[in-house]
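Asker: Using my numbering, you'd call the opening residue of the sequence shown number 4 and step up by one each time.
Built from N, CA and C at the ideal position, the CB exists for glycine as well.
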Amino acid sequence: MVKSLRYRDDAVHEEPAVTLDSFLGQSNATAVRLEPTDDPRALIPHLDRLALIEVAFPKFRDGRGYSIGSILREAGYVGELRAQGDVLVDQIPLMRRCGFDSFVADAEIDVETLDKLLALHPIVYQQTADRRPPVWALRHG
Numbered sequence: 004m005v006k007s008l009r010y011r012d013d014a015v016h017e018e019p020a021v022t023l024d025s026f027l028g029q030s031n032a033t034a035v036r037l038e039p040t041d042d043p044r045a046l047i048p049h050l051d052r053l054a055l056i057e058v059a060f061p062k063f064r065d066g067r068g069y070s071i072g073s074i075l076r077e078a079g080y081v082g083e084l085r086a087q088g089d090v091l092v093d094q095i096p097l098m099r100r101c102g103f104d105s106f107v108a109d110a111e112i113d114v115e116t117l118d119k120l121l122a123l124h125p126i127v128y129q130q131t132a133d134r135r136p137p138v139w140a141l142r143h144g
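And the structure:
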């Protein structure tokens with residue numbers, strides 16, 4: 004059982020994340036934390052200098068963070084995208100599809116269960132941020 008997972012090979016970013024308002028008001032931060040009510044499009048002009056974007060999931064049933072992750076990846080963000088908060092093991096495969104590559108959960112994550120969930124659907128139907136080819140692309144090249 005673990006509370007944090009990371010699916011990246013680069014160095015862990017140690018700088019604490021600042022709020023979106025603080026980030027937009029200063030010029031040297033390389034990590035920002037987005038709340039569900041924040042507009043991630045405000046970061047688009049700054050994506051090239053961000054090493055970490057942390058997205059808050061205050062309640063497991065609040066899905067706005069999924070949209071935030073997708074928007075950032077579709078805009079070209081390649082840095083670490085972290086889901087933090089009330090992250091449940093069964094949500095992580097879907098979060099990975101939206102582009103999240105690290106997780107800091109309030110509760111313990113059973114890695115054995117997570118591995119089974121991640122292997123459950125090897126073929127996908129939609130093209131998303133995790134870059135797995137959808138089934139139609141596999142069929143038709």
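Let me know the secondary structure DSSP gives Pro137 once reduced to three states.
Answerer: In this structure, Pro137 counts as strand in the three-state DSSP scheme.
Asker: If Ser105 sits next to Tyr10, beta carbons under 8 angstroms apart, how far is it from one beta carbon to the other, in whole angstroms?
Answerer: Their Cβ separation, rounded to whole angstroms, is 7 angstroms, which keeps Ser105 and Tyr10 in contact under 8 angstroms.
Asker: How is the alpha helix (DSSP H) around Glu77 delimited, first residue to last?
Answerer: Note, Glu77: alpha helix (DSSP H), 67 to 77.
Asker: With DSSP collapsed to three states, give me the class of Arg36.
Answerer: Note: Arg36 maps to strand in three-state DSSP.
Asker: With Phe60 and Ala86 assumed to form a contact (beta carbons below 8 angstroms), what rounded beta-carbon distance in angstroms separates them?
Answerer: Confirmed, Cβ separation roughly 6 angstroms.
Asker: For the beta strand (DSSP E) containing Phe26, list its first residue and its last residue.
Answerer: Looking at the DSSP string, Phe26 is not in any beta strand (DSSP E); the run it does join, the alpha helix (DSSP H), is 23 to 28.
Asker: Could you work out which residue in Ser73, Asp118, Pro137 is closest to Asp93 when comparing CA atoms only?
Answerer: Comparing Cα positions, the closest option is Asp118.
Asker: With respect to the beta strand (DSSP E) encompassing Leu55, which residues constitute its N-terminal and C-terminal limits?
Answerer: Counting along the chain, the beta strand (DSSP E) containing Leu55 begins and ends at 55 to 60.
Asker: Taking DSSP's pairing of strands, which residues face Glu83 in a bridge?
Answerer: BP columns for Glu83 point to Leu55.
Asker: So does the region 35 to 43 actually touch the region 13 to 24, counting three or more Cβ pairs closer than 8 angstroms?
Answerer: These segments touch.
Asker: On the CB-based measure, 16 or more other CB atoms within 10 Å of its CB, does Gly144 come out buried or exposed?
Answerer: Gly144 is exposed by the Cβ-count criterion.
Asker: Thinking Val58 and Gly72 are a contact (beta carbons under 8 angstroms), I'd like their distance in whole angstroms, please.
Answerer: The pair is a contact, with the Cβ atoms about 6 angstroms apart (cut-off 8 angstroms).
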